[in-house]
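K.L.:
Per the numbering used here, the sequence shown starts with residue 252, numbered consecutively.
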Amino acid sequence: MRIFKDYKNRVVLELFTNLTTFRVKEIVLAMRQGKPVEKMYCTSFGGGKNSSPLIESIVRNNIKRSGPLLSLNYVPGQVLENKLTLMTPEEVIDEIKKSHLRGRGGAGFPTGLKWQFCRRAKGEKKYIFCNADEGEPGTFKDRVLLTEKAEMVFEGMTVSAYAVGATEGILYLRYEYKYLERYLEHVLQEFRDKEWLGKKI
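#1: Keeping to the same chain, check which residues put their C-beta closer than 7 Å to that of K300; ignore five residues upstream and five downstream.
#2: Among K377, L422, S308, which has the Cα closest to the Cα of E406?
#3: Buried or exposed for F442, please, with buried defined as at least 16 other CB atoms from any protein chain shown within 10 angstroms of its CB.
#4: Which of the three DSSP states, helix, strand or coil, is assigned to A372?
#5: Which class does R443 belong to by DSSP, given the choice of helix, strand or coil?
#6: Could you pull the start and end residues of the beta strand (DSSP E) that T406 belongs to?
#7: Taking its Cβ as the centre, do 16 or more other Cβ atoms sit within 10 Å of D393, making it buried, or is it exposed?
#8: What does DSSP give as the partner residues of R353 in its beta bridges?
#9: Residues in the same chain with beta-carbon distance under 6 Å from E419, minus the five sequence neighbours each way, listed in chain order, please.
#10: Since N333 is in the alpha helix (DSSP H), which residue starts that stretch and which ends it?
#11: In whole angstroms, give me the CA-to-CA distance for F391 and S411.
#12: Does the Cβ of G363 have 16 or more other Cβ atoms within 10 Å, making it buried, or fewer, making it exposed?
#13: Might you give, ordered along the chain, the residues of its own chain that have their beta carbon closer than 7 Å to the beta carbon of Y430, omitting 5 neighbours on each side?
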């Protein structure tokens, strides 16, 4: 990547992606010989929702095996509209315990137990925190989930808030993923417009 200012003092960004040893040699050779390298610039956005007008990122998901979570035929709001209205918080927790759902972090702590402890904990106000900080080195699971399944993340936070008695949710978005902020705010507004968030829940 090269950043410089042109004759009008505008910042110019030259970006090369999908580099291999062969491509690097090709680019360096062309620059040394004074040949144009514009055709080698990155001219497209990444795959999936990275190309959304609300994201416009060159980041690629690089998923080798999508697994059941990403390949799931998920319909946003289905749980909130069809299931949550028929179940008590305790029933939701029991269902989660029966599913043997665990956290995606290294500890793999049982989610149902965590929710049960939180439900029983004393306190006037409770919060749901989603820590999208990629705590495990070399993993990008949080980034991919926030990009491709943001609705699922927010719906999961809403279900957990209902189960434990929380009234507010907070998603921690690390600085490197700031480019997702506008898109995530858009998804949240869609949830509010459809009354999947707010006093109705």
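For each residue, glycine too, the CB sits at the ideal point set by N, CA and C.
P.N.:
Here's the rundown:
#1: One-based indexing of the sequence shown puts residue 300 at position 49. These residues qualify, in order along the chain: I306, T398, E399.
#2: As a working mapping, residue 406 is identified with position 155 in the sequence shown. The shortest Cα separation from E406 among K377, L422, S308 belongs to L422.
#3: Counting from one through the sequence shown, the residue named residue 442 turns up at place 191. Result: buried.
#4: If you number the sequence shown from 1, residue 372 lands on position 121. It is coil, neither helix nor strand.
#5: Numbered from 1 along the sequence shown, position 192 holds the residue referred to as residue 443. R443 falls in the helix class under three-state DSSP.
#6: Taking the first residue of the sequence shown as position 1, residue 406 is located at position 155. Rather than Thr, the amino acid found at residue 406 in this sequence is Glu. Taken as a continuous stretch (DSSP letters only), E406 belongs to no beta strand (DSSP E), being part of the alpha helix (DSSP H) at 401-415.
#7: Stepping through the sequence shown from its first residue, residue 393 is reached at position 142. The residue is buried, with at least 16 neighbouring Cβ atoms inside 10 Å.
#8: Counted from its first residue, the sequence shown places residue 353 at position 102. Beta-bridge pairing links R353 to P361.
#9: Here the question's residue 419 lines up with position 168 in the sequence shown. Excluding sequence neighbours, E419 sits near Y378.
#10: In the sequence shown, counting from the first residue as 1, residue 333 sits at position 82. Counting along the chain, the alpha helix (DSSP H) containing N333 begins and ends at 329-333.
#11: Translated into positions along the sequence shown, residue 391 becomes position 140. Translated into positions along the sequence shown, residue 411 becomes position 160. Going by the C-alpha atoms only, they are around 23 Å apart.
#12: Position 112 of the sequence shown, counting from 1, holds the residue named residue 363. Buried is the call here.
#13: Locating residue 430 in the sequence shown gives position 179, counting from the first residue. Counting only Cβ-Cβ distances below 7 Å, and skipping sequence neighbours, we find I306, S308.
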